[in-house]
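*Asks:* Got a structure here, written out as structure tokens. Questions coming.
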Amino acid sequence: MSEEEPLPTPSYATTVLGPERVVADAFAARDLGPYLATPCGVLAPLLRELGQSVITVPREETAVGLAAGAALGGRRPVVLMQNSGFGASVNGIASLIRPYEIPILLVISLRGVAPDHTSENLVMGKATEPILDLLGVPHRTLRQDRLAEHLGWAADTLATRRGAVALLVPPDLFGWSPA
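Written as structure tokens, this is what we have:
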């Protein structure tokens, strides 16, 4: 991996390709996978871009366990989930991923933060980043104008660090909006 500072994502790239395509292309270019996901409206455009390579699982903690096995087998797994499901996966991260320093990339959609103000998502919207901090999981929130930087950071950190790394996806990055 290059020590050079990543270039900012050109505005035309996310306008022409869409941020979900930029993210999917970056994952493929860095040989990340398998992609283990639970259904999520915020992440739906990205999951469509990743296509048939996505393995849909019924629960987030199952995705974390499968990702651990993939990482131990030499892969660079990505777990895609909503932050409410992240809450369900905390024990797997705390008792398996962290103590055994298993490298996985968590892609967590943020519900309960602007523009999503649904009452059932507010608590996890506020709790996601502090929980990641308590677990010792470094994280960045994806922004359209810094996609290349944050995606490069995640891949490089995953390659050099033992343990989980997280990318947080704001509700509107891939076009989600409240009904």
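Under our numbering, the first residue of the sequence shown carries the number 36, and numbering increases by one thereafter. Positions of the beta carbon are idealized from the N, C-alpha and C atoms, including for glycine. These figures come from a predicted structure and were not determined experimentally.
Give the C-beta separation of G68 and R110 to the nearest angstrom, bearing in mind that I take them to be a contact with Cβ-Cβ under 8 Å.
*Replies:* Contact holds; Cβ gap of about 7 Å.
*Asks:* Can you grab the Cα-Cα spacing for the pair M116 / A72, in whole Å?
*Replies:* Using only the alpha carbons, I get a separation of about 6 Å.
*Asks:* Hey, could you find the ends of the alpha helix (DSSP H) R56 is sitting in?
*Replies:* Element bounds for R56: P54 to A64.
*Asks:* Could you tell me the boundaries of the alpha helix (DSSP H) in which V99 lies?
*Replies:* First-last of the alpha helix (DSSP H) with V99: E95 to L107.
*Asks:* So the candidates are E155, L182, L202 and P134; which of them puts its Cα closest to the Cα of L170?
*Replies:* L170 has its Cα closest to that of P134, out of E155, L182, L202 and P134.
*Asks:* So what does I90 bridge to, in DSSP terms?
*Replies:* Beta-bridge pairing links I90 to L71.
*Asks:* With distance defined between alpha-carbon atoms, name the residue in N118, S119, R94 and I90 nearest to A105.
*Replies:* Closest option to A105, Cα to Cα, is I90.
*Asks:* Pick helix, strand or coil for H185, following the three-state DSSP scheme.
*Replies:* The answer is helix: DSSP assigns H185 an H, G or I state.
*Asks:* Does V51 pass the burial test, meaning 16 or more other C-beta atoms within 10 Å, or should it be called exposed?
*Replies:* Classification of V51: exposed, given that the 10 Å Cβ count is below 16.
*Asks:* What residues in its chain sit with their C-beta under 6 Å from that of S124, if we drop five residues either side in the sequence?
*Replies:* Cβ within range, chain order: E95, E96 and V99.
*Asks:* I need the boundaries of the alpha helix (DSSP H) containing T163, first residue and last residue.
*Replies:* That run of the alpha helix (DSSP H) goes L157 to L170.
*Asks:* Does I143 come out as helix, strand or coil in the three-state DSSP assignment?
*Replies:* Three-state result, I143: strand.
*Asks:* Work out the CA separation of S88 and V204 for me, nearest whole Å.
*Replies:* The alpha-carbon atoms of V204 and S88 are separated by roughly 20 Å.
*Asks:* Can you find at least 3 beta carbon pairs, one from the region 125-132 and one from the region 145-155, that sit closer than 8 Å?
*Replies:* Touching, no.
*Asks:* Tell me, to the nearest whole angstrom, how far the beta carbon of P54 is from that of Q179; I am working on the premise that it is less than 8 Å.
*Replies:* Yes, they are in contact, since the Cβ atoms of P54 and Q179 sit about 5 Å apart, within 8 Å.
*Asks:* Cα separation between N118 and T176?
*Replies:* Approximately 13 Å between the Cα atoms of the pair.
*Asks:* Using a Cβ-Cβ cut-off of 7 Å (strictly less than) and excluding sequence neighbours within five positions of W211, which residues of its own chain qualify?
*Replies:* If we look at W211 and ignore the five residues flanking it on each side, its Cβ neighbours are G76 and V77.
*Asks:* Give every residue of the same chain whose Cβ lies closer than 8 Å to the Cβ of N240, excluding the five residues on either side of it in the sequence, and list them in chain order.
*Replies:* Here the chain has residues from 36 to 214 only, and residue 240 is not among them.
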